[in-house]
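Quick notes on the structure that follows.
In structure tokens form, the structure reads like this:
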């Protein structure tokens, strides 16, 4: 999935759902965006790989506490979209 020109919470959420579904070997529709990341039972290596892929996709390094303070796909996607929007200069 390529990065859209402007990242929305929905775009980030869809990206995360796709990646987590792939890792869990389930359909994306089976991934609940309100489920805690811990409940997806990804091991630490999978979680680090996912975080690295996400950072590469969005082009920004996430704070190390991002998953702690934003523990679901929906929460993290909203946080990322808001942070990126805040960094875009007004036109």
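In our numbering, the protein residues as written are 12 to 102.
Using N, Cα and C, we set each Cβ at its ideal position, and we do this for glycine too.
As the structure is a prediction and not an experimental result, all values here were calculated from the model.
Along the alpha helix (DSSP H) that carries residue 56, what are the first and last residues, could you check?
Where residue 56 is concerned, the enclosing alpha helix (DSSP H) stretches over 55-69.
The alpha helix (DSSP H) spanning residue 78 covers which residue range?
Residue 78 -> alpha helix (DSSP H) spans 77-80.
Taking the CB atoms as reference points, tell me whether residue 66 and residue 34 lie closer together than 8 Å.
No, Cβ-Cβ distance for residue 66 and residue 34 is not below 8 Å.
Can you tell me the Cα-Cα spacing of residue 102 and residue 70, whole angstroms?
Confidence in residue 102 is poor, its pLDDT being 42 and thus under 50, which makes the residue's placement unreliable; the coordinate value appears in the next sentence. If you draw a straight line from the Cα of residue 102 to the Cα of residue 70, it is about 21 Å long.
Whole angstroms are fine: how far does the CA of residue 79 sit from the CA of residue 45?
Rounded to the nearest angstrom, the two C-alpha atoms are 14 Å apart.
To the nearest angstrom, report how far apart residue 25 and residue 32 are at their CA atoms.
Cα to Cα, the separation comes out at about 10 Å.
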